[in-house]
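Novice:
Dropping the structure here:
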């Protein structure tokens, strides 16, 4: 599936979840007009989206947290799977956009691509649930049941390789953090 297709479906089904987007998911998330409420970009900390999401999930266990991660980003801080799993956040949904590339640094192939399995890594790290979704139609059908799964949940999304997207140079992360803090305090 194309990244924007997946982003659009996640945006439609978001239903109030706190969102953390990183690297190549940032720009399409903003395009889907999802960056105004309960959102932060992990733009200056490649590989840290899951850890940021975990902090939010621990601070607000009553809210769903969705992390829009890249396979290249997650590979840079693979230990975050174990860290997330050790805390067992029940409403933590970790969407991994898997295209086999370090897309934001010039479309280099990931090391070991085809030799590891995100679902097996997540389960082996202690995630409560993990699954792989190949198509937009499959995501559309499965998304309602995913939201009902006990977390942490890792969802590997098979994403087509595409030309390098524009990088998002929007609101600085510190400003977004302050806005998100105000929004969460108002809930």
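Residue numbers (our numbering): 38 to 224. Beta carbons: idealized from backbone N, C-alpha and C, even for Gly. In this text, all values refer to a predicted model and were calculated from it rather than measured experimentally.
Considering only the alpha carbon of each residue, which of 91, 99, 180, 128 lies closest to residue 118?
Specialist: That would be 91, whose Cα lies nearest to the Cα of residue 118.
Novice: Kindly indicate which residue of 189, 180, 186, 172 has the alpha-carbon position closest to the one of residue 39.
Specialist: Ranking the options by Cα distance to residue 39, first place goes to 172.
Novice: CB residue 199 to CB residue 155, shorter than 7 Å?
Specialist: Going by C-beta atoms, residue 199 is not nearer than 7 Å to residue 155.
Novice: Put residue 218 into one of helix, strand or coil per three-state DSSP.
Specialist: Helix at residue 218.
Novice: Using the C-alpha atoms, what's the distance from residue 59 back to residue 86?
Specialist: Rounded to whole angstroms, residue 86 to residue 59 spans 6 Å at the Cα level.
Novice: As an exercise, report each continuous beta strand (DSSP E) stretch of at least 3 residues that is fully enclosed by the segment 94 to 146, in chain order.
Specialist: Segments of the beta strand (DSSP E) lying fully in the segment 94 to 146: 102 to 107, 129 to 135.
Novice: Using the DSSP secondary-structure output, state which residues sit across from residue 195 in a beta bridge.
Specialist: DSSP lists 135 as partners of residue 195.
Novice: For residue 128, count neighbouring C-beta atoms within 10 Å of its own C-beta (all shown protein chains included) and say buried if the count is 16 or more, exposed if not.
Specialist: That one is buried.
Novice: Going by the CB atoms, is the gap between residue 189 and residue 126 shorter than 7 Å?
Specialist: A contact, by the Cβ cut-off of 7 Å.
Novice: Is it the case that the Cβ atoms of residue 100 and residue 55 are separated by a distance below 7 Å?
Specialist: Taking 7 Å as the Cβ cut-off, residue 100 and residue 55 qualify as a contacting pair.
Novice: Can you tell me where the beta strand (DSSP E) with residue 170 in it begins and where it stops?
Specialist: That run of the beta strand (DSSP E) goes 166 to 170.
Novice: From residue 180 to residue 215, what distance separates their C-alpha atoms?
Specialist: Straight-line Cα distance between these residues: approximately 30 Å.
Novice: Counting C-beta neighbours from all protein chains within 10 Å, is the total for residue 149 16 or more, i.e. buried, or is it exposed?
Specialist: With fewer than 16 Cβ atoms within 10 Å of its Cβ, residue 149 is classed as exposed.
Novice: Residue 168 and residue 46 - do their beta-carbons sit closer together than 7 Å?
Specialist: Not in contact: residue 46 and residue 168 (Cβ atoms no closer than 7 Å).
Novice: Give the secondary structure of residue 159 by DSSP, where H, G and I count as helix, E and B as strand, and everything else as coil.
Specialist: Helix.
Novice: Does the beta-carbon distance from residue 122 to residue 151 come in below 7 Å?
Specialist: It is not a contact, given that the beta carbons lie outside the stated cut-off.
Novice: Compute the distance between the beta-carbons of residue 134 and residue 107, then report whether it is under 7 Å.
Specialist: Result yes, Cβ atoms of residue 134 and residue 107 sit closer than 7 Å.
Novice: Judging by CA-CA distance, which residue of 105, 158, 153 is the nearest neighbour of residue 120?
Specialist: For residue 120, the nearest C-alpha among the options comes from 158.
Novice: How many Å lie between residue 218 and residue 57 at the Cα?
Specialist: Spanning the two alpha carbons is a distance of roughly 13 Å.
Novice: Could you name the residues of the same chain whose beta carbon sits closer than 8 Å to that of residue 187, not counting the 5 residues immediately before and after it, in chain order?
Specialist: Once the five neighbours on either side are set aside, the close Cβ partners of residue 187 are 127, 165, 166.
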